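Here the structure is laid out as structure tokens; the discussion comes afterwards.
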Amino acid sequence: MKNDIHQLRITVQDMHRLLEKLVALQEADHRLCRVVLQPGADTSADELEDYLDKQQVKDYLGIGEATYYRWVREGKLNPRGGKGQHRYYKRDIRELMEARKYRYRG
Numbered sequence: 733m734k735n736d737i738h739q740l741r742i743t744v745q746d747m748h749r750l751l752e753k754l755v756a757l758q759e760a761d762h763r764l765c766r767v768v769l770q771p772g773a774d775t776s777a778d779e780l781e782d783y784l785d786k787q788q789v790k791d792y793l794g795i796g797e798a799t800y801y802r803w804v805r806e807g808k809l810n811p812r813g814g815k816g817q818h819r820y821y822k823r824d825i826r827e828l829m830e831a832r833k834y835r836y837r838g
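Residue numbers 733 to 838, in the working numbering, belong to the letters of the sequence shown in order.
Right, here's the structure in full:
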């Protein structure tokens, strides 16, 4: 019984962390939409950024280092930039997420 409660607590904590990441991503998307819809608005450089770096992509997709490099090798992820810099267009990552979302549906 104690083991089940402990496992449940860990699961709830993991869910909480995932929800926090989701809220942060939604807020970033909201700021980006506000910039696009209100061109005269005061914005910071972060709000105008169109790219995600490697770590942001891994966090967004919920994948680890090995999966990340496998997907790059397989062509699922196409990094932009040179000299070892991995940058991605946000729209490319969203499209990949949409493809994964509907992959298992019939």
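For each residue, glycine too, the CB sits at the ideal point set by N, CA and C.
All values derive from a computational prediction rather than experimental measurement.
So residue 811 and residue 821 are in contact, right, with Cβ under 8 Å, and what is the actual spacing, rounded?
On the sequence shown, position 79 is the one that residue 811 refers to. On the sequence shown, position 89 is the one that residue 821 refers to. Not a contact, Cβ separation roughly 10 Å.
Simplified DSSP assignment, three categories, for residue 809
Within the sequence shown, numbered from 1, the residue matching residue 809 stands at position 77. If DSSP states are grouped into helix, strand and coil, residue 809 belongs with coil.
Could you say which of 742, 831 and 749 lies nearest to residue 823 if we only look at CA atoms?
Start at 1 with the first residue of the sequence shown, and residue 823 comes out as number 91. When each option's Cα is compared against that of residue 823, the closest is 831.
Opposite residue 819 in the DSSP bridges: which residues?
In the sequence shown, counting from the first residue as 1, residue 819 sits at position 87. 785 and 812.
Classification of residue 717 by the beta-carbon crowding that lies within 10 angstroms, buried from 16 upward
Outside the displayed span of the chain (733 to 838) sits residue 717, for which this structure offers no information.
According to DSSP, is residue 687 part of a helix, a strand, or is it coil?
The chain is shown from 733 up to 838; residue 687 falls before or after that span and cannot be answered.
Rounded Cβ spacing between residue 842 and residue 801 (contact assumed at less than 8 Å)
With the chain covering only 733 through 838, there is no way to say anything about residue 842.
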